[in-house]
């Protein structure tokens, strides 16, 4: 008999307050633009992905740090309201992380992140609860990702890395990754699919924006069809993809079946504003998938 798990997915990652300006186009170097509108949203790749997992029906826990400020309180309340376990969400004496985002009216965006409290993730020892999937990104210290994946492997959990923002990664870390999910730019910055597989990643799923995603395991590369929508904001689309992917894998789906659902989730996330939009929820995603 296997050891019981506490959660379907454990997400270790960042929490940010997103400060979002919408403009007619993305500014060129030295150019000043007037914003068409401005909004503040919950964000951070870790929080976005944890919420996506929870909305897809996965029992989800989040491990991270927020500051002792109003932004931190808001993000903590949001995770609670989404049903995410936050027993290892730590409040630290630092500002909550920020992301400064410019979104042009076509939906394309640029993002600058400030780590803030996210730099403190792992300063207090982390004990990863037993789960089916452990998911991490790179907006927290790399040694923390290495630690949680080491724990996850010992427990028999599947490890999923969203290597964003892209940076040089050790073979020690990559060899602990069952699945890496970069976008096209991040994949190139990391040396390409073959380099990731050679370093020890078992499967690479590369998201290609409005185009197909690709799944490579070193033997075969398979395309995952994209879904046509009219985007209004692409911020968080990749996080919706990753969250849906992990939740479906935790439910027992194959990587290929999970990626099909994730593709729908990522597409739907672009149809509303904000990194934590009102969609997708599992019922909506699955209704598209059934069609």
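Numbering (this note's numbering), first residue to last: 2 to 292. Glycine is no exception: its CB is placed at the ideal position from the N, C-alpha and C atoms.
Leaving aside the five residues that flank residue 20 on each side, the residues in its chain whose CB is nearer than 8 Å to its CB run, in chain order, 39, 41, 99, 100, 101, 102.
Residue 273 sits away from residue 146, with the two beta carbons spaced by 9 Å or more. Using a Cβ distance threshold of 9 Å, residue 126 and residue 76 do not count as a contacting pair. Within a 10 Å sphere around the beta-carbon of residue 59 sit 16 or more other beta-carbons, which makes this residue buried.
For residue 217 and residue 197, the gap between their C-alpha atoms comes out near 10 Å. No Cβ-Cβ contact shorter than 9 Å links residue 248 with residue 6. Closest in alpha carbon position to residue 46, among 227, 256, 114, is 114. Non-local C-beta neighbours of residue 78 in its own chain, meaning closer than 6 Å and more than five positions away in sequence, are absent.
In this structure residue 35 is exposed. Its beta-carbon is surrounded by fewer than 16 other beta-carbon atoms within 10 angstroms. With the rule of 3 Cβ pairs closer than 8 Å, the segment 238-258 counts as touching the segment 53-71.
When DSSP assignments are scanned along the segment 181-265, the uninterrupted stretches of beta strand (DSSP E) that are 3 or more residues long and fall wholly within it turn out to be 204-207, 214-217, 222-225. Distances from the CA of residue 207 to each of 222, 17, 200 were compared; the closest alpha carbon is that of 222. As computed with DSSP, residue 114 is found in a beta bridge with 100.
Counted as a single uninterrupted DSSP element, the beta strand (DSSP E) harbouring residue 9 occupies residues 8-13. In this structure, DSSP gives residue 44 an extended state, which the three-state scheme calls strand. For residue 82, the three-state secondary structure derived from DSSP is helix. Setting aside the 5 residues that flank it on each side, residue 122 is surrounded in the same chain by 65, 66, 141, 145, each with a C-beta closer than 6 Å to its C-beta; the list follows chain order. As the crow flies, the alpha-carbon of residue 277 is around 11 Å from that of residue 17. For residue 224, the closest of 129, 257, 172 by C-alpha to C-alpha distance is 257. The Cβ-Cβ distance between residue 151 and residue 26 does not fall below 9 Å.
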